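Add 351 to the 1-based position in the sequence shown for the working numbering, that's all there is to it.
Where is the CB? At the ideal position from N, CA and C, for every residue including glycine.
Just so it is clear, the structure is predicted and the values come from calculations on it, not from any experiment.
Notes to accompany the following structure.
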Amino acid sequence: MKSVLLSRRDLDFLLYEWLQVEGLTKRDRFAEHSKETFDGVLDLCEQLAERYFAPHNKKSDANEPTFDGQRVTLIPEVKQAWDAFAAADLLAMGMDAEVGGAQLPATVAQAAFAWISAANLATSGYLMLTVANANLLAEFGTAEQIETFVKPMLAGRFSGTMALSETQAGSSLADITMRAEPQPDGSYRLFGSKMWISGAEHEMTDNIVNLVLAKIPGGPPGTKGISLFIVPKFLVGDDGAIGERNDVVLAGLNHKMGQRGITNTVLNFGDGTHRPGGADGAVGYLVGEPHRGITYMFRMMNEARLGVGMGAVALGYTGYLKSVQYARERPQGRPVTAKDPSTPQVPIIEHADVKRMLLAQKAYAEGALALALYCARLVDVSHSAESDGERDATALLLDILTPVAKSWPSQWCLEANSLAIQVHGGYGYTREYDVEQHYRDNRLNPIHEGTHGIQSLDLLGRKVTQRGGASLAALGEAIAGTVAAADSIRGEAAELAAALNGMWRRLVEVTSGMFASGDVEAAMANSVVYLEAFGHLVIAWMWLEQFVAAHSECGEFYDGKRQAARYFFRYELPRIAPQLDLLESLDRTTLEMSPDWF
């Protein structure tokens, strides 16, 4: 029976037929691996997803974590899933061998972890944050910090979080007030509060490693004065033993519309509940150099942004598969040409409008999955680059695609979930069926790790213009390569290529005009429109890539790929044209709206 979590056939196509991940094993970094290794990890994660994660998805949604003022209680299945994943040594599957990792390509690790996210996004969140935390410390932490905190996280004994936001600051990190007082022994004492911190309180692991942004008194103003600290729930002795409780306490749990199985916390640091060593403040350890916290944290934030995007993909994908299954099994109505009401009903998958909704979901979910894995492969090439030029070119392309890889799936795979509910009809919004939960769970992702507005400002305000437009040029070169490959095939592939190339040239022209106008305020006012147009163009590129990879193959799978590409180019790509017209006009409607008029 086919899985309704993800399609292994599609993963195999994307990994082996399109992205050619086997070729990565020719690089020194991945030389110890093979297709057998990759398949084994994919198989294992699918099995763990089906056995340990999917069965409690609805239960953890209905029985969210509780806090009695002293401790947080989770349903036991969450820890069972954590333990099973950790016991399989999968927390370290993509990390360097030097810290005990398996050094798998990120492309394979992300594809494998997508099974876990599709099965239970909330429980997978504990894992994703821990891995991202460990990756940051492995890159910027000291040897002692790696030994004390990273290795226990990779073993599953500790878990990790990222603590950025504060109530009064939200996404404006320049306005955080958490302070870190230096101590004679080289440590720091932290005082303040953090809000919306996922996974920061539970009793699944021996310790929780919080990565906390704070300001050292006397530092530069704004983000240039932010430093990064390790603030563990429990102090750790020189021998690795768990010591005193640190002064990090849970002030309360936030109650969310979705992803209810992962704790979402308000944390107080240094409020005097616990006094480690008899002194005030939460004990923290500086990561790297003072006042470079934002630079370091972007390592984790960018990884988390790609992770949020993949989580959105996984939810959109599983909702799509479940709505396909339902549409095959649900008889209702007759063809529009059937005049005899006594003829048998047909499965709703025979109706054109249901096909439209399923095709849209397929185009969104499979297109977004392609982008997520493409970005993961860029990470692999960067980590194993054979020249500085290759590393630089890859970094430029990954930079400009990251805000798209986070935001586009968060918007359009959410739309796929909405369509999955619609396909189910009245059953779709009942709690007996999974698709209503998938929608609620996915609705958090347009906010997680930076809203669409933040991603759009990053894309248009930084990535498009950085280094004289080098990232935009790198993307243009990549798209041109796909267009050339499609042109060489001729026929329909060349027609799709012409449509993509024409829209890309128009986008570049509009982008240049927006900045040449000198009206930066008007240009940035519509940055979200730019992000949406840019994202749709990128996904069209992903579909042309898949069309080229599948063009000479026979069979229903490849027919479905080609039809989804046609759908995206005929129904979705044309959305961009009026958006580009609006951007070109430097429309000031939103800027000129007075707050008093609302």
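Q.
I'd like to know whether the C-beta atoms of V563 and V582 end up nearer to each other than 8 angstroms.
A. Taking a C-beta distance under 8 angstroms as the contact criterion, V563 and V582 qualify as a contact pair.
Q.
Measuring alpha carbon to alpha carbon, tell me which residue in K713, R791, G812, A744 is nearest I890.
A. A check of alpha carbon separations from I890 across K713, R791, G812, A744 identifies K713 as the nearest.
Q) Can the beta-carbon of I497 be found less than 8 angstroms from the beta-carbon of L488? A) Between I497 and L488, the CB-CB gap stays under 8 angstroms.
Q. Is the stretch 721-734 in contact with the stretch 448-468, if contact means three or more CB pairs nearer than 8 angstroms?
A. Three or more beta-carbon pairs drawn from the stretch 721-734 and the stretch 448-468 are found closer than 8 angstroms, and the two stretches are therefore classed as touching.
**Q.** A453 in three-state terms, based on DSSP
**A.** Coil, per DSSP.
Q. The beta strand (DSSP E) with V815 in it runs from where to where?
A. Looking at the DSSP string, V815 is not in any beta strand (DSSP E), and its letter there is neither H nor E.
(Q) Restricting to runs no shorter than 4 residues, where is the alpha helix (DSSP H) found entirely within the stretch 881-926? (A) Counting only runs of 4 or more, we get 907-918.
Q) For the alpha helix (DSSP H) that contains G684, what are its first and last residues? A) Segment: none, G684 is in no alpha helix (DSSP H) and carries neither H nor E.
Q.
Comparing C-alpha positions only, which one of M651, A744, V774 sits nearest to R681?
A. Among M651, A744, V774, the Cα nearest to that of R681 is on V774.
Q: Go to P533, then tell me how far its beta strand (DSSP E) extends in each direction, as first and last residue.
A: Where P533 is concerned, the enclosing beta strand (DSSP E) stretches over 530-533.
(Q) If the criterion is Cβ atoms closer than 8 angstroms, does the pair H407 and N471 meet it? (A) A contact, by the Cβ cut-off of 8 angstroms.
**Q.** Alpha-carbon to alpha-carbon, V834 and L709
**A.** When only Cα atoms are considered, L709 and V834 end up about 27 angstroms apart.
(Q) Alpha carbons only, please: which of E517, R791, H734, R782 is nearest the one belonging to Q762? (A) The shortest CA-to-CA distance from Q762 to any of E517, R791, H734, R782 is the one to R791.
**Q.** Residue-level contact to chain C via CB, G670, 8 angstroms cutoff
**A.** Structure shown: chain C not included; a single protein chain is present.
**Q.** Cβ contact (3+ pairs, closer than 8 angstroms) linking the stretch 646-656 and the stretch 604-623
**A.** The stretch 646-656 makes no contact with the stretch 604-623; the number of CB pairs closer than 8 angstroms stays below 3.
Q | V786 - DSSP class collapsed to helix/strand/coil | A | In the structure shown, V786 sits in a helix (DSSP, three-state: H, G or I).
Q | Opening and closing residue of the alpha helix (DSSP H) in which N768 lies | A | Annotation for N768: the continuous alpha helix (DSSP H) segment containing it runs 739-775.
(Q) Distance check for E397 and C905, CA to CA, integer angstroms please. (A) When rounded, the distance between both Cα atoms is 27 angstroms.
**Q.** CA nearest to the CA of M529, picked from F542, L375, S538, S522
**A.** Among F542, L375, S538, S522, the Cα nearest to that of M529 is on F542.
Q | N- and C-terminal bounds of the alpha helix (DSSP H) containing E872 | A | It spans 871-876 - the alpha helix (DSSP H) in which E872 sits, taken as one unbroken run.
Q: Give the DSSP-derived three-state secondary structure of G550 in the structure shown.
A: When DSSP states are grouped into helix, strand and coil, G550 belongs to the coil group.
Q) If we call anything under 8 angstroms between Cβ atoms a contact, is G612 one with A473? A) In this structure, the beta-carbon distance from G612 to A473 falls below 8 angstroms.
Q: Sort V697, T669, P692 by Cα distance to A678 and report the nearest one.
A: The closest CA to that of A678, considering only V697, T669, P692, is found on V697.
Q.
Please report the straight-line C-alpha distance between A837 and V899, rounded to a whole angstrom.
A. Annotation: A837 to V899 spans about 6 angstroms, alpha carbon to alpha carbon.
Q | Cα-Cα separation between G609 and G740, rounded to whole angstroms | A | Rounded to whole angstroms, G609 and G740 show a C-alpha spacing of 43 angstroms.
Q.
Does G639 come out as helix, strand or coil in the three-state DSSP assignment?
A. Three-state result, G639: coil.
Q. Who does R540 pair with in a DSSP beta bridge?
A. Residue pairing from DSSP places R540 in a beta bridge opposite E532, V634.
Q) Can you list the beta strand (DSSP E) stretches of 3 or more residues lying completely in the stretch 597-681, in chain order? A) 599-604, 615-620, 633-637, all fully within the stretch 597-681.
Q. Rounded to a whole number of angstroms, what is the C-alpha to C-alpha distance between S385 and M648?
A. Per the coordinates, the alpha-carbon of S385 lies some 33 angstroms from the alpha-carbon of M648.
Q) Would P692 be called buried (16 or more neighbouring beta carbons within 10 Å of its own) or exposed? A) Per the 10 Å Cβ criterion, exposed.
Q: Mark L748 as exposed unless 16 or more other C-beta atoms lie within 10 angstroms of its C-beta, in which case mark it buried.
A: Buried is the call here.
Q) Does the distance from the C-beta atom of L882 to that of H799 stay below 8 angstroms? A) Between L882 and H799, the C-beta gap is not smaller than 8 angstroms, which leaves the two residues out of contact.
(Q) Let me confirm a value: Q683 is counted as buried when at least 16 other C-beta atoms fall within 10 Å, else exposed. Which label applies? (A) Under this definition Q683 is an exposed residue.
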